[in-house]
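In the numbering used here, the protein residues as written are 600 to 883. Below: one structure, written as structure tokens.
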Amino acid sequence: MDHSTQIANDIKKEVTQQAASPKDAVAYIVFDTESIPDGELVATVKYPSENLSPDAAIERAQAEAKAKSFSGSDFLPFTFQKPVAICTLTVDKNFMPIGLNCLDTPQYRTSEMVKLFWLGIETYKRANLVSFNGRGFDLPLLELAAYDQGISATSYFASDKRSRYRSPYIDLQDVLSNQGACKLEGGLNLLARRLGLPGKMGITGHDVYPMHKAGKLQEINDYCACDTIDTYFVFLRTKVLMGHVTIEQEKKIFEDAIDWFKTKAEDFPALGKYLANIQRGKPI
């Protein structure tokens, strides 16, 4: 068996393991990514004649970005980033979670997690995607990663999942900012905290690159998983806001979901800290 065949078989095996229930049972895929600058790409595109190392190229590009930024951010555009964590939460039509996964655990290889993500999208063709700012960052990031690897995403591009206004894709930032008419200051962290959820627990997206340099891949994926769960609970409250779920229904789903996450704490130790930091009594 050649190496490419072995990789394909490994991916199929992991997707099969992820499928906690039949394909038709998955109504939503809540997801989040974490990324770092791609130093080789930055050096090649931005500084082609300067023979900079990947780290030096990133440092210079970040300094230039910070100098140009009104807010002082040194964050590079998604076009110069690569994913280092992709977490998904599959949810049924009754809004109950049925599968939590950090892709390519425990190796967390960019190429393999990207393959797994797009294979999952092809597997669950009917599922609605749910994210926070995924349309503006996560999905373009993953599209370019698929482009680099020559991965086909046939059903994704054939559907309305890329549309800003149609139901197969739900970007909560779009929904809660009137489709970008206003800036949603505070982002996902603010929305989570307003519901008594943990939100950021000592780590932000700005920390991911130095964490990756330090080899803290598990910690990055733990952070990504907690953001994915925050996104799920914000999605639930948004469904209340839109009139698709009553507040009484949400309370029951919330309680049942917490019980479900408790059963996953052995596989995802970071869940223990997340659950311990939820302020009981909310959602209200």
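For each residue, glycine too, the CB sits at the ideal point set by N, CA and C.
Residues near residue i by beta carbon distance below 8 Å, same chain, minus five either side
i, result
"Ala664", "Ser672, Asp673, Phe674, Leu675"
"Gln680", "Ser634, Ile635, Pro636, Asp637, Leu740"
"Tyr764", "At Tyr764, the pLDDT of 48 sits below 50, so the modelled position is not reliable; the number obtained from the coordinates is stated separately. The answer, listed in chain order, is Gln778."
"His546", "One cannot answer for residue 546 here, as it falls past the ends of the chain, which runs 600 to 883."
Best match in the options for proximity to residue i [C-alpha to C-alpha]
i, options, result
"Glu711", "Cys686, Asn777, Ser730, Asp623", "Cys686"
"Ala624", "Ala662, Asp691, Thr643", "Asp691"
"Lys815", "Ala684, Ser652, Ile628, Thr643", "Ala684"
"Ser889", "Gly733, Ala642, Leu651, Glu784", "Here the chain has residues from 600 to 883 only, and residue 889 is not among them."
"Lys645", "Leu790, Ala626, Thr678, Asn693", "Thr678"
"Thr722", "Ser648, Tyr627, Leu789, Gly735", "Tyr627"
"Asp821", "Phe867, Pro696, Glu742", "Phe867"
"Thr689", "Ile720, Ala656, Ile657, Lys838", "Ile720"
"Thr837", "Ala791, Gly733, Ala655, Ala662", "Ala791"
"Asp770", "Met800, Glu818, Leu728, Met810", "Leu728"
"Ile802", "Glu849, Tyr873, Gln661", "Tyr873"
"Gly698", "Ile828, Gly842, Gln848, Glu849", "Ile828"
Beta-carbon proximity of residue i to residue j, cut-off 8 Å
i, j, result
"Asp703", "Cys823", "no"
"Phe731", "Val844", "no"
"Leu775", "Thr830", "no"
"Pro696", "Ala875", "no"
"Pro682", "Thr709", "yes"
"Val833", "Ile819", "no"
Neighbour-count burial assignment, residue i, 16 or more Cβ in a 10 Å radius
i, result
"Glu633", "buried"
"Leu840", "exposed"
"Asn700", "buried"
"Cys781", "exposed"
"Phe756", "exposed"
"Ile846", "exposed"
"Leu789", "exposed"
Short CB-CB distance (under 8 Å) between residue i and chain B
i, result
"Glu711", "The chain inventory of the structure shown lacks chain B, comprising one protein chain alone."
For residue j and residue i, the rounded distance between their alpha carbons
i, j, result
"Lys667", "Arg659", "13 Å"
"Phe853", "Ala813", "36 Å"
"Lys805", "Gln878", "In the sequence on display, residue 805 carries His and not Lys. Looking at the two C-alpha atoms, the distance is approximately 26 Å."
"Gly795", "Leu835", "14 Å"
"Glu649", "Gly735", "31 Å"
"Ser652", "Leu743", "23 Å"
"Lys714", "Asp747", "11 Å"
"Val641", "Asp826", "27 Å"
"Ser758", "Pro809", "37 Å"
"Gln706", "Gln817", "9 Å"
"Ala662", "Asp773", "30 Å"
"Ala656", "Lys851", "51 Å"
"Lys799", "Gly733", "18 Å"
"Pro797", "Gln848", "22 Å"
"Pro647", "Asp858", "53 Å"
Close-in-space but distant-in-sequence residues of the same chain around residue i (CB under 7 Å, 5 per side omitted)
i, result
"Trp717", "Ala745, Ile750, Ala752"
"Ala726", "Val625, Ala626, Tyr627, Ile628"
"Leu870", "Phe860, Lys863, Ala864"
"Glu639", "Pro653"
"Gly842", "none"
"Arg793", "none"
Check: residue i C-beta below 7 Å from any heavy atom of the ligand MN
i, result
"Lys692", "The ligand MN is absent from the structure shown, which contains no ligands of any kind."
Sequence-distant residues of the same chain with beta carbon closer than 6 Å to residue i, five excluded per side
i, result
"Ser754", "Glu721, Lys724"
"Asp737", "Thr632, Ser730"
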